[in-house]
Amino acid sequence: MSTEDSTQTVGAATTETFGNLAVLEPTGHPMVPEITQETYHRRSVAGGRTDVEIVTRALALGMNVVLKGPPGVGKSYLAKYLCAQTNRPLYRITLSETTYKEDLLGHLHLLSSDDGGTRTEWIDGPLTRAVREGASCCSTRSTPPTRTRSLRSTPSWSSDRPAR
Ligand SMILES: Nc1ncnc2c1ncn2[C@@H]1O[C@H](COP(=O)(O)OP(=O)(O)O)[C@@H](O)[C@H]1O
Ligand SMILES: [Mg+2]
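Position 24 of the sequence shown, counting from 1, maps to 24 under the UniProt record's numbering, and the rest follow consecutively.
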């Protein structure tokens with residue numbers, strides 16, 4: 001198995017924190033988003049806490065976070081902002097009914113070898129790559145579920161509505 005040459009890991013933790021998350025040393029990783037504190041609007045969610053406080057606390061405890069809501073309310077932007085402020089690379093994955101596990105994990109690629117035969121090369125998927133690098137992964141569902149409606153605030157969604 002080989003990894004791509006450009007694999008770059010995250011920086012070491014600094015003593016600084018953002019919410020409850022450790023801020024990492026910047027390494028110039030190309031997948032670290034850029035969003036400044038001035039451009040991010042923090043929202044009070046529950047018990048007077050902000051979205052940033054709640055999510056960074058959960059992440060610092062080792063939990064995964066699921067953000068639910070209609071398109072455009074800021075779910076992805078929050079993930080980007082946390083990564084931007086803590087120097088974490090972010091890989092985004094769009095999930096749909098046609099997403100295979102190979103799309104996330106990676107696959108073997110068949111190549112011609114110099115001796116005229118064939119050889120295989122492993123190509124990382126975004127999830128594997130994120131794990132190798134210590135990066136974060138943000139997945140977005142591009143199509144509504146066929147049997148359940150988890151987005152209660154968009155009651156007009158149905159299974160035959162176009163992907164967004
Ligand atoms: N907290 C926020 N502060 C400032 N702008 C925001 C915020 N949340 C969302 N936005 C703006 O709204 C846009 C859409 O948000 P996005 O995260 O893509 O929505 P979602 O992932 O929920 O569909 C962002 O690109 C950004 O310009
Ligand atoms: Mg999104």
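Virtual Cβ for every residue (Gly too), placed ideally from N, Cα, C.
Predicted, not measured: the structure shown is a model, and the values here were computed from it.
With 16 or more other Cβ atoms from the protein chains shown falling within 10 Å of its own Cβ, Glu133 counts as buried. In the three-state scheme derived from DSSP, where H, G and I count as helix and E and B as strand, Ser76 is classed as helix.
Cβ-Cβ distances below 7 Å link Ala58 to Val65 in the same chain, with the five nearest sequence neighbours on each side left out; the list follows chain order.
A Cβ-Cβ distance of about 43 Å is found for the pair Leu110 and Ala60, leaving them out of contact under the 8 Å criterion. Of the heavy atoms belonging to ligand 1, none sits nearer than 7 Å to the Cβ of Tyr91.
For the stretch 11 to 78, the full-length beta strand (DSSP E) segments reaching 3 residues or more read 13 to 18, 21 to 24 along the chain. The closest heavy atom of ligand 2 lies less than 7 Å from the beta carbon of Lys75. Relative to ligand 2, Thr140 has its C-beta within less than 7 Å of a heavy atom. Not one heavy atom of ligand 1 falls within 7 Å of the beta-carbon of Thr99. Counting only the Cα atoms, Asp51 lies some 6 Å from Val45. The stretch 15 to 31 makes contact with the stretch 76 to 95; the number of CB pairs closer than 8 Å reaches 3 or more. In terms of Cα proximity to Pro33, the closest of Asp114, Ala79, Tyr100, Ser96 is Ala79.
Relative to ligand 1, the nearest heavy atom lies less than 7 Å away from the CB of Pro71. The beta carbon of Leu105 lies closer than 7 Å to those of Gly125, Leu127, Thr128 in the same chain, with the five residues before and after it left out. Taking every protein chain shown into account, the CB of His41 has fewer than 16 other CB atoms within 10 angstroms, so this residue is exposed. In the DSSP assignment, Gly106 is bridged to Asp124.
If you draw a 10 Å sphere on the C-beta of Ala12, you find fewer than 16 other C-beta atoms in it, and that means exposed.
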